[in-house]
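Written below as structure tokens is the structure these notes are about.
There are 2 protein chains.
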Amino acid sequence: MQLSTIASPAQTPTPWPAEGGSTGGVRLLAPYDALFREGDETTAFYEVLSGAVRAYKIFPDGRRQIVAFAFPGDIVGFCQGDTYRFDCDALTTTRVRVIHKQSLLRAMRERPELAEKLLEVARGEVETLQDLSLLLCRKTAIERIASFLLTMARKAPDPVAQRLALPMCRADIADYLGLTIETVSRNMTRLRTLRIIDLPDRGSFQVRSLERLRQLAECDGTDH
Amino acid sequence: MQLSTIASPAQTPTPWPAEGGSTGGVRLLAPYDALFREGDETTAFYEVLSGAVRAYKIFPDGRRQIVAFAFPGDIVGFCQGDTYRFDCDALTTTRVRVIHKQSLLRAMRERPELAEKLLEVARGEVETLQDLSLLLCRKTAIERIASFLLTMARKAPDPVAQRLALPMCRADIADYLGLTIETVSRNMTRLRTLRIIDLPDRGSFQVRSLERLRQLAECDGTDH
DNA sequence: CGGATTATTGACAGCTCTCAACCCCTGTGG
DNA sequence: CCACAGGGGTTGAGAGCTGTCAATAATCCG
Chain A
564 MQLSTIASPA QTPTPWPAEG GSTGGVRLLA PYDALFREGD ETTAFYEVLS GAVRAYKIFP
624 DGRRQIVAFA FPGDIVGFCQ GDTYRFDCDA LTTTRVRVIH KQSLLRAMRE RPELAEKLLE
684 VARGEVETLQ DLSLLLCRKT AIERIASFLL TMARKAPDPV AQRLALPMCR ADIADYLGLT
744 IETVSRNMTR LRTLRIIDLP DRGSFQVRSL ERLRQLAECD GTDH
Chain B
564 MQLSTIASPA QTPTPWPAEG GSTGGVRLLA PYDALFREGD ETTAFYEVLS GAVRAYKIFP
624 DGRRQIVAFA FPGDIVGFCQ GDTYRFDCDA LTTTRVRVIH KQSLLRAMRE RPELAEKLLE
684 VARGEVETLQ DLSLLLCRKT AIERIASFLL TMARKAPDPV AQRLALPMCR ADIADYLGLT
744 IETVSRNMTR LRTLRIIDLP DRGSFQVRSL ERLRQLAECD GTDH
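From first to last, the protein sequence lines stand for chains A and B. Residue 784 in the working numbering sits at position 221 of the first sequence; the count goes up by one each step and never skips. Residue 755 in the working numbering sits at position 192 of the second sequence; the count goes up by one each step and never skips.
In structure tokens:
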């Protein structure tokens, strides 16, 4: 499963020019700096080069839902209308490449094959969101957390026997998975007690049994 | 809010040729006939002309999640990879227009502006799925049902003072909203008790207070 | 009319949320 | 160097909502 509003790096090699020419430059963000806000005009979208960002929506009554985390190689702000539908800011020090919408549209008219690649990016985003919907709709708290950790683990070249970063705080995880901080915390320690993961410190985790993590995450019912 | 894997009819006038020529013909489906199954090769996608279809995924442990309902004007099966990621079948007698992927790709190479329209379709699909995620993540049972009914109501020209069809059974609604049949039933009657809706019979409903339905659906906290 | 299917309602259990206390780590200032 | 305050995370107790199981009611269809 992938995180939403994003295309994973492996399956879609960046289809736009890599040089920082007319497609745009690089922006540097400090932790919690805003990349864009809900309602801003969508003049560009962004490829995360290093660091991480979160995209989220605030409800009228104050509830917050994180729609996506984005990591190096991921794209944020794609598939938006004339204005952004959510807020987006950095989790840590982050560099993003700016891709201006207009110049991309121009390039698309000249090179139709570029459009196919962009449709692929959109497709990846749809898949990601479908998986998120499945997660939110059918999974228990521990299954959601297992899915989330598995997603984070898959980003690493060797997911096991190695400390993996969790750059977001518990509140962010909770608001992404549709849980509360306390439920996240409780089930993280439960996974630790079950010897499925280790929690060496706040900002990282380590997978001890990839298989059991996967069983929980994929709801195959063989581990209940 | 829109239902997922779908582009709403109003915002995207059908970008492909309307005649039943090389883009494909029309298929007629009886209730519960399959349109396609998970794993099938994606040779085409479909525009619903009349009736309604549901798209869903079955988990290894038997849980089911409905990812989308599609009604006339909506498109299903778009934004899929080489194989479909879910099953799709008809709720009622349904007619769909078949749009072959290959002929669409050819048309796109000839007319680059078509690609932009398709990206719009993809964008609509992404928005829809984001809304679904928000619904599943942050809303209570009654809020989900209010959101769902509001979506159904918005399809009608005059949403109030008129019986609106609910072509899907309670189990379908439950599996779409991430609830059980019983919870759906209980909260439907609760909405009726609150005089927000009427339930004249199984297959339909009627909005009595659009405002209060909207308040519940949009979580604005002024109606608790 | 009768059987099957679907929907509603009730009782109860369980999971998650809420509220609260506590712990750990960090940074600050005496 | 230590005391202290503050923030984030963990843990605990209890309440509430939703799920489960079961019985009943309504509807459909032959």
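C-beta: ideal position from N, C-alpha, C; glycine also.
Exercise. Is the shortest distance between the beta-carbon of Gln628/B and the beta-carbons of chain A less than 8 Å?
Worked result: yes
For this session: Measure the C-alpha to C-alpha separation of Ala734/B and Arg755/B and round it to an integer number of angstroms.
Result: 19 Å
For this session: List the residues of chain A that Lys620/B touches, going by C-beta distances under 7 Å, in chain order.
Result: Leu697
Problem set entry | Start-to-end residues for the beta strand (DSSP E) that takes in Cys651/B | 650-653
Problem set entry | Contact with chain A by Ala678/B, beta-carbon distance below 8 Å | yes
Problem set entry | Spatially closest choice to Leu742/A from Glu601/A, Ser696/A, Arg777/A, Thr703/A, by CA coordinates | Thr703/A
Exercise. Which residues in the same chain as Cys782/B place their Cβ atom closer than 8 Å to its Cβ, once the five residues preceding and following it in sequence are excluded?
Worked result: Arg701, Lys702, Glu706
Problem set entry | Close beta carbons around Val589/B, own chain, < 8 Å, minus the five adjacent residues each side | Gly583, Leu612, Arg658, Val659, Arg660, Val661
Problem set entry | For Val659/B, the first and last residue of its enclosing alpha helix (DSSP H) | Segment 657-663 is the beta strand (DSSP E) holding Val659/B; no alpha helix (DSSP H) there.
Problem set entry | Ser567/B burial status per 10 Å Cβ neighbour count (16 or more: buried) | Any reading at Ser567/B must be qualified, since the residue scores a pLDDT of 33, below 50, and its modelled position is unreliable; the value itself is stated next. Counting Cβ neighbours within 10 Å, Ser567/B comes out buried, since at least 16 surround it.
Exercise. How about Glu679/B and Phe641/B: do their beta carbons lie closer than 8 Å?
Worked result: no
Problem set entry | Partner residues on chain B for Glu688/A, Cβ-Cβ distance less than 7 Å | Val689
Problem set entry | Helix, strand or coil at Tyr739/B [DSSP, three-state] | helix
For this session: Look at Leu740/B and Ile708/B and say whether their C-beta atoms are less than 8 Å apart.
Result: yes
For this session: Using a threshold of 8 Å, state whether the C-beta atoms of Phe768/A and Leu762/A are closer than that.
Result: yes
Exercise. Under a CB-based cut-off of 8 Å, is Cys732/A close to chain B?
Worked result: no
For this session: Evaluate contact between the region 596-616 of chain A and the region 637-657 of chain A, counting only Cβ atoms and requiring at least three cross-stretch pairs below 8 Å.
Result: yes
For this session: Pull up the distance between the alpha-carbon of Ala716/A and that of Ala724/A, whole angstroms please.
Result: 11 Å
For this session: Would you please state the rounded distance, in angstroms, between the beta carbons of Pro722/A and Leu773/A? I believe it to be under 8 Å.
Result: 6 Å
Exercise. When DSSP labels each residue in this structure, what does Phe711/B get in the three-state scheme?
Worked result: helix
Problem set entry | chain B contact for Asp624/A (CB, 8 Å cutoff) | yes
Problem set entry | Cα-Cα separation between Ala618/A and Met751/B, rounded to whole angstroms | 33 Å
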